[in-house]
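Below is one structure, written out as structure tokens, with a few remarks after it.
Chains as they are written, first to last, in this note's numbering: chain A, 105 to 593; chain B, 13 to 500.
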């Protein structure tokens with residue numbers, strides 16, 4: 105439903121005629137939904153004015169920045185934040201950066217590398233917003249989930265500007281908590297099916313030391329970029345183990361020893377996907393690696409702050425791997441492949457080749473938290489994939505799952521994919537059934553509860569959290585203009 | 013007033029008191045908040061009793077003030093804000109529910125003190141990231157809920173650390189568990205499948221524990237908490253670096269933390285070094301003060317299971333490059349205080365008497381958060397304010413604690429005074445208020461607003477207070493939980 109002309113004019117007066125559109129020929133370029141209008145605010149004040157107008161006219165809005173995913177009710181105002189793409193500050197002494205929503209991770213990371221800094225690149229990829237909450241390859245040293253946000257500037261669903269923590273009291277971004285109870289408890293962003301209602305207009309994210317080069321020495325041409333040399337004091341290896349138990353022994357040992365820059369529990373299929381440039385190469389490489397691995401494994405990057413630090417880390421890595429019966433994958437010791445996957449994991453976040461390329465679509469069950477527990481569940485979920493593989497409904501990855509340690513093994517994430525062709529309805533249905541059944545098993549056996557499951561069942565089993573969250577949202581958004589669901593990715 | 017028999021029915025006659033001595037114990041503390049006498053003190057022993065007390069409080073509109081640590085209290089948060097309150101003293105809930113070496117996590121009830129948890133955790137090979145020399149009666153849960161800074165910033169990934177999950181009875185009487193503890197199912201069902209309660213976020217997208225932290229008991233009562241623990245090192249090598257130039261030490265600190273080379277790491281001024289490490293009073297106190305340079309940085313290198321000597325050796329090599337560049341020297345003792353002695357001290361609670369009370373019998377703390385570039389000017393401002401108030405700046409203890417892996421600093425001014433000397437007390441009271449006002453004007457952030465100065469702090473951020481009041485209305489709609497504190 106289009107906006108009334110006078111209402112349209114009100115929005116136009118805020119953002120200018122160049123930054124609002126209700127043209128039915130152009131709006132579908134965003135999504136297949138019908139929107140009332142697409143509005144592109146350029147700063148916090150404009151976001152606030154747009155939100156206030158939405159409240160005045162009882163119009164539902166949904167912000168979006170880099171657009172990896174999203175769920176959009178029809179006839180809403182789509183607030184496209186792409187004009188808000190500035191890195192506001194990189195504070196080297198206090199290790200944080202302040203970004204607007206459309207600053208993408210690769211843009212920020214490039215600037216950080218020049219200063220010997222890095223941050224958590226989320227698994228969604230470096231083309232996604234840098235302020236996204238989530239997990240990624242370098243969680244071992246850069247943490248993940250909701251733990252990297254500091255202060256946040258937030259336009260509430262009613263159009264108030266709230267600046268959390270030190271920002272609200274002393275105009276500093278280094279702390280997002282207080283005074284008193286922390287509103288970071290509800291400023292959390294982008295994991296569907298729920299997000300904080302309103303719009304985050306700026307956020308400070310934690311930074312971490314980067315021991316690597318200010319720029320990777322890239323050679324070659326798209327799609328096959330390689331490193332002309334492995335950077336000093338850095339090394340990447342893939343280790344496979346005789347059993348899941350042995351793999352876990354090594355993974356937790358390495359976490360406790362604090363020696364890995366990255367520890368990613370890739371399976372052979374994911375390694376193959378990341379070092380190849382097309383499906384044909386991918387399949388051949390997977391078959392080759394499958395013969396080489398002795399069982400489950402993980403990919404490791406170590407990065408020393410000095411030659412002595414590197415030597416120590418390498419020695420500990422090799423000792424722990426040896427004790428667990430691990431074996432380095434010789435194929436990955438080839439510096440060309442070592443360099444490719446090092447870059448894929450650090451600079452690109454190694455998602456796109458492994459997720460979309462083989463089948464065109466994938467469904468996933470991601471679980472954050474206790475790694476040893478979720479591995480136990482994932483073994484069964486992997487076994488349950490095998491009949492689908494045998495029937496040719498999903499891409500053959502050997503029934504694998506993957507995961508990694510977060511914060512040097514204190515926390516973790518485990519995830520399992522089914523990759524399939526979206527044009528095959530039988531495959532799609534089979535994958536959805538697998539997903540439903542494995543989520544149900546996790547729930548019934550008390551491993552975890554996917555909060556994307558049926559809320560009437562999940563909510564009561566999780567202390568009625570969904571009712572509490574609904575009350576929070578209602579208190580913040582009395583006019584219901586900023587609906588739950590959707591994504592700021 | 014709530015009837016005694018109703019309280020007795022919930023916690024038993026032995027755990028309800030209205031004896032004047034018992035009530036007096038909770039009616040004031042070392043802070044400058046106005047004394048208010050509670051009407052009852054109750055000591056529940058389990059979650060069920062806590063929940064029943066909160067439900068009763070809602071029915072009778074009775075204020076509840078939760079307390080977990082023993083006296084002396086310093087911040088006024090456990091002194092009732094209004095009359096007619098019931099003190100809910102949780103100090104008797106002392107179970108260490110589990111200590112799990114493999115997952116580096118422990119779960120305890122709210123009455124467990126550092127002195128009790130440290131040996132239990134050490135037996136399993138782990139330890140908690142703890143604040144600097146907490147008093148003997150300080151509980152671990154109380155400290156974590158107050159977001160007290162911890163001495164190992166390397167392991168503080170998030171300001172909420174080391175807190176993991178909590179069980180809380182909200183002000184409306186509903187039970188809730190945060191993070192991984194929320195479910196599915198009960199905690200015991202989770203244990204049965206191998207689950208522990210460690211991941212702090214969720215359930216759903218919220219981080220519910222953050223709402224309880226810093227709330228001074230105004231949202232609900234925590235009946236247990238779990239916390240991440242760190243491995244006990246197999247080898248430790250502590251050092252001190254002294255300098256009259258704070259900025260140099262801050263530079264060094266930021267690199268030590270950025271490169272994740274150090275465990276315990278903090279800076280003390282000479283007064284606090286003397287207040288903590290003097291053995292014979294007042295002789296040692298003055299001697300240490302006279303000998304020490306203005307500032308002392310303490311840091312500790314640690315090795316774990318694999319090649320600990322090599323790890324420490326590589327750190328020493330790398331750190332020597334930093335000290336050379338900055339023109340300072342890492343040594344093993346300063347002013348007669350050895351680095352090993354400091355290390356041993358800061359891995360335990362304070363011996364009695366509590367270090368903040370040794371010098372003059374009382375202490376008012378003014379603490380703030382800030383960034384590297386502002387810290388020195390804030391200390392300068394505090395010195396000026398002390399001078400103006402007639403408080404000798406040389407008597408003021410200063411503790412600087414890097415927080416959250418180097419994203420900021422906790423800076424604490426310890427104003428020691430004689431509580432029996434009314435003019436000195438008044439001077440410190442006035443200085444405390446003036447300091448909060450003056451330091452805020454210079455950009456200090458007071459993330460933990462207590463007592464008399466809370467209003468002044470909160471008034472700077474009306475937008476956040478507006479949101480907090482909405483949340484308070486949901487979780488404690490009848491405002492029975494510690495009314496009169498923070499902005500509630």
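Glycine included, every Cβ here is placed at the ideal spot set by N, Cα and C.
Given a limit of 8 Å on CB to CB distance, which residues of the stretch 467-479 of chain A reach chain B?
472, 473, 474, 476, 477
Cβ-Cβ distance between residue 268 of chain B and residue 387 of chain B below 9 Å:
no
Give the DSSP-derived three-state secondary structure of residue 490 of chain A in the structure shown.
helix
What does residue 419 of chain B touch in chain A if you count any residue whose Cβ is under 8 Å from its own?
198, 199, 200, 254, 278, 279, 310
Anything in the stretch 224-247 of chain B with a Cβ closer than 8 Å to a Cβ of chain A? List those residues in chain order, please.
224, 225, 226, 227, 228, 230, 231, 240, 243
For residue 478 of chain A, the nearest candidate out of A/537, A/494, A/552 (CA to CA):
A/552
C-alpha gap between residue 47 of chain B and residue 40 of chain B, whole angstroms:
5 Å
Does residue 63 of chain B have its Cβ less than 9 Å from a Cβ in chain A?
no
Along the alpha helix (DSSP H) that carries residue 152 of chain B, what are the first and last residues, could you check?
152-157
So what does residue 468 of chain A bridge to, in DSSP terms?
A/521
Taking only beta-carbon positions, decide if residue 186 of chain B is within less than 9 Å of chain A.
yes
Please state the DSSP three-state secondary structure of residue 169 of chain B.
coil
So, does the CB of residue 590 of chain A fall closer than 9 Å to a CB anywhere in chain B?
Summary for residue 590 of chain A: the model assigns pLDDT 49, below 50, so the residue's position carries little reliability; its value from the coordinates is reported in the next sentence. Closer than 9 Å: no.
To the nearest angstrom, report how far apart residue 221 of chain B and residue 231 of chain B are at their CA atoms.
11 Å
Tell me which same chain residues have a C-beta within less than 8 Å of the C-beta of residue 439 of chain B, skipping the five on either side of it?
401, 402, 403, 429
Sufficient close CB pairs (3 or more, under 8 Å) joining the stretch 250-259 of chain A to the stretch 145-154 of chain A
yes
Residues that residue 207 of chain B contacts on chain A, provided the C-beta gap is smaller than 9 Å:
473, 474, 477, 550, 551, 552
Note down, in chain order, each residue of its chain lying with its Cβ closer than 7 Å to the Cβ of residue 95 of chain B, except the 5 sequence neighbours on either side.
48
Closest by CA to residue 214 of chain B, which one among B/341, B/248, B/177?
B/177
For the stretch 294-327 of chain B, which residues have a beta carbon sitting closer than 9 Å to at least one beta carbon of chain A?
316, 317, 318, 319, 322, 323, 325, 326, 327
When you compare the CB positions of residue 362 of chain B and residue 288 of chain B, do they come within less than 9 Å of one another, or not?
yes
Please go through the same chain and pick out, in chain order, the residues whose beta-carbon is closer than 7 Å to the beta-carbon of residue 493 of chain B, but skip the five residues on each side of it.
76, 183, 229, 230, 231, 232
Measuring only the C-alpha atoms, how far is residue 198 of chain B from residue 549 of chain A?
12 Å
Is the beta carbon of residue 205 of chain A closer than 9 Å to that of residue 307 of chain A?
yes
DSSP three-state label for residue 295 of chain A, please.
Per-residue confidence for residue 295 of chain A stands at a pLDDT of 44, beneath the threshold of 50, marking its modelled position as unreliable; the derived number appears in the next sentence. Here residue 295 of chain A sits in coil by DSSP.
Relative to chain B, which residues along the stretch 491-520 of chain A have a C-beta separation below 7 Å, given in chain order?
511, 514, 515
Taking 9 Å as the threshold (beta carbon to beta carbon), is residue 432 of chain A in contact with chain B?
no
Touching or not, the stretch 132-140 of chain B and the stretch 83-94 of chain B, by the rule of three or more beta carbon pairs under 8 Å?
no
Can you list, in chain order, the residues of the stretch 211-223 of chain B whose Cβ is nearer than 7 Å to any Cβ on chain A?
211, 213, 215, 216, 217, 218, 219, 220, 222, 223
Taking 9 Å as the threshold (beta carbon to beta carbon), is residue 593 of chain A in contact with chain B?
Here residue 593 of chain A scores only 43 on pLDDT, less than 50, and its place in the model is too uncertain to base an answer on.
Determine the burial state of residue 396 of chain B: buried for a count of at least 16 other Cβ atoms within 10 Å of its Cβ, exposed for fewer.
exposed
Closest to residue 587 of chain A by C-alpha separation, out of A/175, A/110, A/109, would be which residue?
A/175
In three-state terms, what does DSSP make of residue 474 of chain A?
coil
Going along chain A, which residues have a C-beta under 7 Å from residue 457 of chain B?
270, 273, 274, 276, 279
Please state whether the Cβ-Cβ distance between residue 559 of chain B and residue 345 of chain B is less than 9 Å.
This structure leaves residue 559 of chain B out entirely; chain B is present only between 13 and 500.
Return yes when the Cβ of residue 357 of chain A is within less than 9 Å of the Cβ of residue 422 of chain A, no when it is not.
no
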